[in-house]
Amino acid sequence: MIEVNGKQVDWEEGLTVTMLLNKLNYTFPKIIIRVNGRVIDQKRWAEYIIPDQSVVQAHHLIAGG
Amino acid sequence: MVKSIEEIRSSRRILAEYDYEPASVEKGYSGQTLYINLSDNSIKPKTVTQQMKDIFIGGKGFGLWYLWNAVNPDTKWNDPENEIVISSGPIGGITQYPGSGKSLVVTLSPLTNSVMDSNVGGFFGPYLKFSGWDSLEIQGKAEKEVVVFIDGDKGRVTIEEVSIDPSASHLVSEQLTELLAESEKDKKNISIVSSGSGGDNTKIGILNFSFYDLRRKTARMKQAGRGGTGTVFRDKKIAALAVKFSSLGGRSNNPADPAAIARTGVKITREINKYDSEQFRMRQIGTANLMTPMNDYDLLPVHNFKYGSHPDAVKISSEVLRGRFTQNMPDGCWVGCSLSCCKAVDDFELQTGPFKGHKVMVDGPEYENAAGLGANCGIFDPDYVIEANFYCDTYGIDTISTGTLIAFIMECYENGILNKEITGGLELNFGNAEAAMELIHQISQGRGFGKIAGLGVRRMKKIFAEEYGADPAFLQDIGMENKGLEYSQYQAKESLAQQGGFAMTNKGPQHDEAWLIFMDMVNNQLPTFEKKAEALHYFPMFRTWFGLQGLCKLPWNDILPEGNAETDSPEKIPEHVQNYVDIFNAVTGKNIDKEEMIRQSERVYNFQRVFNLRLGFGTREHDAAPYRALGPVTEEEYESRAERYDRQLKEDAGIDPEGMSTAEKVKAMRSYREGRYETLIDVVYERRGWTNKGVPKLESLQKLGIDFPEVVEVVKKNL
Numbered sequence: 023m024i025e026v027n028g029k030q031v032d033w034e035e036g037l038t039v040t041m042l043l044n045k046l047n048y049t050f051p052k053i054i055i056r057v058n059g060r061v062i063d064q065k066r067w068a069e070y071i072i073p074d075q076s077v078v079q080a081h082h083l084i085a086g087g
Numbered sequence: 188m189v190k191s192i193e194e195i196r197s198s199r200r201i202l203a204e205y206d207y208e209p210a211s212v213e214k215g216y217s218g219q220t221l222y223i224n225l226s227d228n229s230i231k232p233k234t235v236t237q238q239m240k241d242i243f244i245g246g247k248g249f250g251l252w253y254l255w256n257a258v259n260p261d262t263k264w265n266d267p268e269n270e271i272v273i274s275s276g277p278i279g280g281i282t283q284y285p286g287s288g289k290s291l292v293v294t295l296s297p298l299t300n301s302v303m304d305s306n307v308g309g310f311f312g313p314y315l316k317f318s319g320w321d322s323l324e325i326q327g328k329a330e331k332e333v334v335v336f337i338d339g340d341k342g343r344v345t346i347e348e349v350s351i352d353p354s355a356s357h358l359v360s361e362q363l364t365e366l367l368a369e370s371e372k373d374k375k376n377i378s379i380v381s382s383g384s385g386g387d388n389t390k391i392g393i394l395n396f397s398f399y400d401l402r403r404k405t406a407r408m409k410q411a412g413r414g415g416t417g418t419v420f421r422d423k424k425i426a427a428l429a430v431k432f433s434s435l436g437g438r439s440n441n442p443a444d445p446a447a448i449a450r451t452g453v454k455i456t457r458e459i460n461k462y463d464s465e466q467f468r469m470r471q472i473g474t475a476n477l478m479t480p481m482n483d484y485d486l487l488p489v490h491n492f493k494y495g496s497h498p499d500a501v502k503i504s505s506e507v508l509r510g511r512f513t514q515n516m517p518d519g520c521w522v523g524c525s526l527s528c529c530k531a532v533d534d535f536e537l538q539t540g541p542f543k544g545h546k547v548m549v550d551g552p553e554y555e556n557a558a559g560l561g562a563n564c565g566i567f568d569p570d571y572v573i574e575a576n577f578y579c580d581t582y583g584i585d586t587i588s589t590g591t592l593i594a595f596i597m598e599c600y601e602n603g604i605l606n607k608e609i610t611g612g613l614e615l616n617f618g619n620a621e622a623a624m625e626l627i628h629q630i631s632q633g634r635g636f637g638k639i640a641g642l643g644v645r646r647m648k649k650i651f652a653e654e655y656g657a658d659p660a661f662l663q664d665i666g667m668e669n670k671g672l673e674y675s676q677y678q679a680k681e682s683l684a685q686q687g688g689f690a691m692t693n694k695g696p697q698h699d700e701a702w703l704i705f706m707d708m709v710n711n712q713l714p715t716f717e718k719k720a721e722a723l724h725y726f727p728m729f730r731t732w733f734g735l736q737g738l739c740k741l742p743w744n745d746i747l748p749e750g751n752a753e754t755d756s757p758e759k760i761p762e763h764v765q766n767y768v769d770i771f772n773a774v775t776g777k778n779i780d781k782e783e784m785i786r787q788s789e790r791v792y793n794f795q796r797v798f799n800l801r802l803g804f805g806t807r808e809h810d811a812a813p814y815r816a817l818g819p820v821t822e823e824e825y826e827s828r829a830e831r832y833d834r835q836l837k838e839d840a841g842i843d844p845e846g847m848s849t850a851e852k853v854k855a856m857r858s859y860r861e862g863r864y865e866t867l868i869d870v871v872y873e874r875r876g877w878t879n880k881g882v883p884k885l886e887s888l889q890k891l892g893i894d895f896p897e898v899v900e901v902v903k904k905n906l
């Protein structure tokens, strides 16, 4: 299991950031991803493997109305 | 029949005139307000005091102060004592920083019967200031239709009878711009304020503020949309306001430190140039960039806020709308705005109504229009959205209120509360674009079922219960209004913080105080009541600040600077907050910091709360929300998201849904959610320095320096 934005999410072997975002349907183009406190650059999302039991923050920087 | 410009010119008859020496603006202020009373055609200047600048700053602060002094606790929106106050603010009118041309309109609202404020683009406010007037205060009512002309070049104000048809705002703006301009280029020096027949026939009338687009060769319009300001305008028999000012320059505010303003403006413009296309694409799509993510995250209001997404929403997605906007146009609503986000559809051929067959320029659609007129009514047709947008604007009705009230009507129709006999034959099912468009015409023209619809959701709830036998409790649940104002277009059911951001507001559920949905629901940055309360203190105070200064909030967080993600509070966009502090100090010569910025807002915000109290509102019961805003009203709604709601019942409420009927689950969920909302109110009031009734504490007023005797008197009565 990993924690994403404070909620428990199933983990799987080889889970990349891109895979996680697809799993959660997080489609917004401007998301800041931190894994265990470290910002993961968007260029690395397709290759960065999230370890099991990680704490992930996926902060959408959406301005809204 | 449309009159020629020569016919209009020769019809002008001056009722009153006032010649003046325009005060030069110093550090953001002209120091004078223009007071006009239409009952006796008096025109006079009033001095802007130091206390006003220190406590109320400008913009809606000035508007609230003037209105407070103009009315008494019993004044109604259509009494002559009610005023329309239009103000820029001390930063308003700079040309170096994006979003610096806003005007603030303050009046008593026909929808809420309390104080309303509305923030609008276009050139009127800055030109008014540079013509010598920090505010325009209009009281009284004219005997016959009048136009007020403010000539900032010549130093002359006139109240005139002019033969102009006030029913279609786009024509009023074009005709008066043409009338006053000495050349094509001169048209950019003119701004017109007008409403339309919607202002005459509904409680949801808007004010359109024009600005001339030299490339398109047309007068464009931005809207003071919320709360019926246009209805008040037309009740006073004002056909239009016009201002002309030809000497705009980069230093028209005579700022204390123009170099600092220029530096800050260059910095953010570089950000916009570099990052906008990979961030929110404001220059390409404007606020309509929200359509796709709102649907993806189940936050798009669909079918009267029942749902948050729809398979057909792709037909009015951000990309579809981007394809309709004319690209690569400098679409700022004030000079020098590099965010340039007020997109338009050119050469759109209208299919219905009095201008059928005309090819027009449509200002929009913005997100609210596409979401409200479209998705919330189940209409996923971009042509409908664009045409409805045009007609709402020119008729002068609020697109947000129109979308929400039509959605309410549609749900009532589908529930059998309304039928074809009542609606005059209109089959107002969700998705019926033809019926909805006809209803917009009827609303604005004051005929048929439109006469009832144009009263707004709150009055319709009463009528439907009393005259059609509807269950008032059901209507209360599904009628998306708070304080009498219709909800703006965000599905807030899953964000407790946003539920507060809508209903615990001064004026009603307009999201200009707080937009916390993603922070709360998706990012989970507000997991505790205390964090939600802190957000519901900080963001309303921060966002109020734009309304004091004459600013647009979009450049604050619709563009993100480099390194923002690494800051302690990226959602606050700290670098941009500092930009605003720097610009305020650079214009005014003062030396505020981020904390004083918030205190400036706290003074005005709390004053507005006390103003609400003075008028008989402003206490806890007025911050209640219809249950549709908090959770699923019907079994259908619950079952549409059953997995989510069952999980919440179990994990959050501690109730095992196993074996429960849907009706039982709806009831249990309701009890849980309503309880949480009440707890939120408790913590928010505490954080804001208010009693449990929602009344600002005396010590809070003292700390802020707004414990004027008349303010204390109101508060003491309510403690």
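In order, the protein sequences belong to chains S and E. In the numbering used here, each residue carries its 1-based index in the first sequence increased by 22. In the numbering used here, each residue carries its 1-based index in the second sequence increased by 187. Backbone N, C-alpha and C define an ideal beta-carbon position, used for all residues, glycine too. For clarity, every value in this text was computed on a predicted model and none was experimentally measured.
- Comparing C-alpha distances from residue 205 of chain E to each of E:192, E:223 and E:214 shows the shortest one belongs to E:223.
- Proximity of residue 29 of chain S to chain E, defined by a Cβ-Cβ separation below 8 Å, is satisfied.
- In this structure, DSSP gives residue 660 of chain E a helical state, which the three-state scheme calls helix.
- Burial is judged here by how many other beta carbons sit within 10 angstroms of a residue's own beta carbon; residue 397 of chain E has at least 16 and is buried.
- Listed in chain order, the alpha helix (DSSP H) elements of length 4 or more contained wholly in the segment 675-758 of chain E are 683-690, 716-736 and 741-744.
- One finds 27, 48, 50, 80, 81, 82 and 84 in chain S with Cβ atoms closer than 9 Å to the Cβ of residue 709 of chain E, taken in chain order.
- Burial of residue 345 of chain E is indicated by the presence of at least 16 other C-beta atoms within 10 angstroms of its C-beta.
- Looking from the CA of residue 414 of chain E, the closest CA among E:294, E:639 and E:800 belongs to E:294.
- Annotated three-state conformation of residue 297 of chain E is coil, per DSSP.
- Here the alpha carbon of residue 839 of chain E sits roughly 31 Å from the alpha carbon of residue 658 of chain E.
- The beta carbon of residue 892 of chain E sits closer than 8 Å to the beta carbons of 242 and 790 from its chain, once the five residues preceding and following it are set aside; these are given in chain order.
- Annotation: Cβ neighbours of residue 61 of chain S in chain E (cutoff 8 Å, chain order): 752 and 753.
- Assignment of residue 532 of chain E by DSSP, reduced to helix, strand and coil, places it in the strand class.
- For residue 82 of chain S, there is no enclosing alpha helix (DSSP H); the residue is found in the beta strand (DSSP E) stretching over 77-82.
- The DSSP assignment places 505-511 as complete runs of the alpha helix (DSSP H) inside the segment 497-549 of chain E, in order along the chain (cut-off: 4 residues).
- Taking a Cβ-Cβ threshold of 8 Å, none of the residues of chain E is close to residue 36 of chain S; the smallest such distance is about 25 Å.
- Using a Cβ-Cβ cut-off of 8 Å, residue 54 of chain S is close to 752 and 757 of chain E, given in chain order.
- At least 8 Å separates the CB of residue 887 of chain E from every CB of chain S.
- In the structure shown, the three-state DSSP call for residue 572 of chain E is helix.
- For residue 603 of chain E, the closest C-alpha among the options E:746, E:655 and E:572 is that of E:655.
- Between residue 738 of chain E and residue 276 of chain E, the beta carbon gap of about 7 Å places them in contact (Cβ cut-off 8 Å).
- In the DSSP assignment, residue 476 of chain E falls outside any alpha helix (DSSP H) and carries neither an H nor an E.
- Fewer than three Cβ pairs drawn from the segment 561-568 of chain E and the segment 512-519 of chain E lie within less than 8 Å of each other, which leaves the two stretches out of contact.
- Around the C-beta of residue 395 of chain E, 16 or more other C-beta atoms lie within 10 Å, and the residue is accordingly described as buried.
- In this structure, E:860 is the residue among E:774, E:860, E:836 and E:441 with its C-alpha nearest to the C-alpha of residue 814 of chain E.
- Taking all protein chains shown into account, residue 514 of chain E has fewer than 16 neighbouring C-beta atoms within 10 Å of its C-beta and is therefore exposed.
- With respect to residue 466 of chain E, residue 704 of chain E sits apart: the two C-beta atoms are not nearer than 8 Å.
- A distance below 7 Å between beta-carbons, with the five flanking residues on each side excluded, links residue 33 of chain S to the following residues of its chain, in chain order: 23, 24 and 74.
- Along the segment 729-753 of chain E, going in chain order, the ones with a CB nearer than 9 Å to a CB of chain S are 740, 741, 743, 744, 745, 746, 747, 751, 752 and 753.
- Classified as exposed, residue 234 of chain E has fewer than 16 neighbouring CB atoms from the shown chains inside 10 Å of its CB.
- About 4 Å separates the Cβ atoms of residue 736 of chain E and residue 278 of chain E, confirming a contact at the 8 Å cut-off.
- In this structure, DSSP gives residue 353 of chain E a state outside helix and strand, which the three-state scheme calls coil.
- A residue is called buried when at least 16 other Cβ atoms come within 10 angstroms of its Cβ; residue 676 of chain E meets this threshold and is buried.
- Counting of Cβ neighbours within 10 angstroms places residue 81 of chain S among the buried residues, the total reaching 16 or more.
- Within chain S, the C-beta atoms nearer than 9 Å to that of residue 698 of chain E come from 86 and 87, in chain order.
- Going by DSSP, residue 847 of chain E is part of no alpha helix (DSSP H) at all; its letter is neither H nor E.
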